[in-house]
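Counting from 1, position 134 in the sequence shown corresponds to residue 133 in numbering that gives the first Met the number 0; the numbering is continuous, with no gaps.
Don't be surprised by glycine CBs; every beta carbon is placed ideally from N, CA and C.
Report on the following structure.
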Amino acid sequence: MSQILIIYTGGTIGMMTDPVTKTLVPINFEQIMDNVPELEKLNCKIKVHSFEQIIDSSNMNPAVWSELAALIEANYDEVDGYVILHGSDTMAYTASALSFMLQNLDKPVIFTGSQLPISAVRTDAKENLMTAIEIAKAKKNDKSRVPEVCIYFDYKLFRGNRAFKYNSSKFEAFRSPNYPILAESGVHLRFSANDIRQPGEGPLKVHNNLVSDVAVLKLYPGIGPKVVETILNADVRGIVMETFGAGNTTTDQWFTDLLKKAIEAGKVILDISQCKVGTVELGRYETSKELKDMGVACGYDMTFEAAVTKMMYLLGEIDDPLEVKRCLEKDLRGELTES
Numbered sequence: 000m001s002q003i004l005i006i007y008t009g010g011t012i013g014m015m016t017d018p019v020t021k022t023l024v025p026i027n028f029e030q031i032m033d034n035v036p037e038l039e040k041l042n043c044k045i046k047v048h049s050f051e052q053i054i055d056s057s058n059m060n061p062a063v064w065s066e067l068a069a070l071i072e073a074n075y076d077e078v079d080g081y082v083i084l085h086g087s088d089t090m091a092y093t094a095s096a097l098s099f100m101l102q103n104l105d106k107p108v109i110f111t112g113s114q115l116p117i118s119a120v121r122t123d124a125k126e127n128l129m130t131a132i133e134i135a136k137a138k139k140n141d142k143s144r145v146p147e148v149c150i151y152f153d154y155k156l157f158r159g160n161r162a163f164k165y166n167s168s169k170f171e172a173f174r175s176p177n178y179p180i181l182a183e184s185g186v187h188l189r190f191s192a193n194d195i196r197q198p199g200e201g202p203l204k205v206h207n208n209l210v211s212d213v214a215v216l217k218l219y220p221g222i223g224p225k226v227v228e229t230i231l232n233a234d235v236r237g238i239v240m241e242t243f244g245a246g247n248t249t250t251d252q253w254f255t256d257l258l259k260k261a262i263e264a265g266k267v268i269l270d271i272s273q274c275k276v277g278t279v280e281l282g283r284y285e286t287s288k289e290l291k292d293m294g295v296a297c298g299y300d301m302t303f304e305a306a307v308t309k310m311m312y313l314l315g316e317i318d319d320p321l322e323v324k325r326c327l328e329k330d331l332r333g334e335l336t337e338s
């Protein structure tokens, strides 16, 4: 019989309306279990770890990611898979971060949550939780069907570092436009075997040294030198630059000069697109050729969440900016499609 570890961090799934204030307040995991008696019908053993301090996902941070990675490592030989209950607002960040932190992962780590509290009449929490557990324990030839970090929401399983939250009012909260879904729940669970990433060779290796010295430069028509200079001069080692279309920026001399100065100072600049669908192609247009020549890293089709957390991961592992740039442009955990 499979054994699944459920890690309860918080989120809407574990909320209940306070009868006095009418606001949503967190409940403990035992109360969640009381609302899902069907869990007893699953053919698996469930082990639970609940955070002492329930976390609103807006307060999520790298210290909590390290705690999650440590819990996964500590229980790795005892369980067959993990289900992490997490607020949906920052779920894609945490899933992306853990995908980089857990090298050679060969067991499912399934994030899920809900848009309505588990106590609500029309809640989506029960289905999300039940199916996440089903996926976490699913095996074929005694091997996990989905040995990667994933997000399960509204009948779809996404690669964690390919998904992002796009809707705060529908049950269909997540999308992954640049990579296919890994499984879909209906009358049957249907897995897309060809799209599921296979584990690397060797034992699980956990990387806990994340560096959060990352700034974000989002371009818009009319952005001025003072704004750009302030961000590029920030006391950080990495900068995620959200550009137009296929990775294009203004070609004004002041802008390219500021980028060159930052790179010469040892900062790593990663170019990702503001578009949700498609990829960065540095050098395709004249407006991005100079970026490529000066050493701006190409983010291809990475999500913003994957770009930020991958930068944090690499800055914690590597000191040389040129090597960080090389690794940013390389597919490490299925987070990008290399051209």
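Residue i (DSSP reduced to helix, strand or coil)
i      : result
Gly185 : coil
Glu328 : coil
Gln102 : strand
Thr278 : coil
Arg161 : helix
Val120 : coil
Ser134 : Ser is not the amino acid found at residue 134; the sequence shown has Ile there. Helix at Ile134.
Leu115 : coil
Lys155 : strand
Leu23  : strand
Glu334 : coil
Gly86  : coil
Ser95  : helix
Ser168 : coil
Thr308 : helix
Pro320 : helix
Asp17  : coil
Thr286 : helix
Opposing strand residues paired with residue i [DSSP bridges]
i      : result
Cys297 : Asp270
Gly80  : Ile3
Leu12  : Looking at the sequence itself, residue 12 is Ile, so the reference to Leu does not match. DSSP, once it has assigned bridges, lists no residue as partnering Ile12.
Arg371 : Look at the range of the chain in this structure, 0 to 338, and you will see that residue 371 is not part of it.
Val148 : Val108
Ser143 : Lys138
Phe190 : Ala182
Beta-carbon spacing of residue i, residue j below 7 angstroms
i      : j      : result
Phe110 : Ala94  : yes
Phe173 : Phe157 : yes
Asn232 : Tyr284 : no
Ile265 : Pro220 : The sequence given here places Gly at residue 265; Ile does not occur at that position. Contact: no.
Val82  : Ile5   : yes
Ala68  : Met100 : yes
Ala306 : Leu269 : yes
Gly10  : Gly86  : yes
Pairwise C-alpha distance: residue j and residue i
i      : j      : result
Asn34  : Ser143 : 28 angstroms
Leu38  : Lys46  : 12 angstroms
Ala96  : Glu228 : 28 angstroms
Asp234 : Ile271 : 21 angstroms
Lys291 : Gln252 : 15 angstroms
Glu72  : Thr302 : 26 angstroms
Val145 : Val279 : 28 angstroms
Ala192 : Ala162 : 18 angstroms
Run through the stretch 199-264 for me and flag every whole alpha helix (DSSP H) of 4 or more residues, listed as ranges in chain order.
224-231 and 252-263, all fully within the stretch 199-264.
Just to confirm the assignment: which complete beta strand (DSSP E) runs, minimum length 3, are found wholly within the stretch 26-81?
43-49
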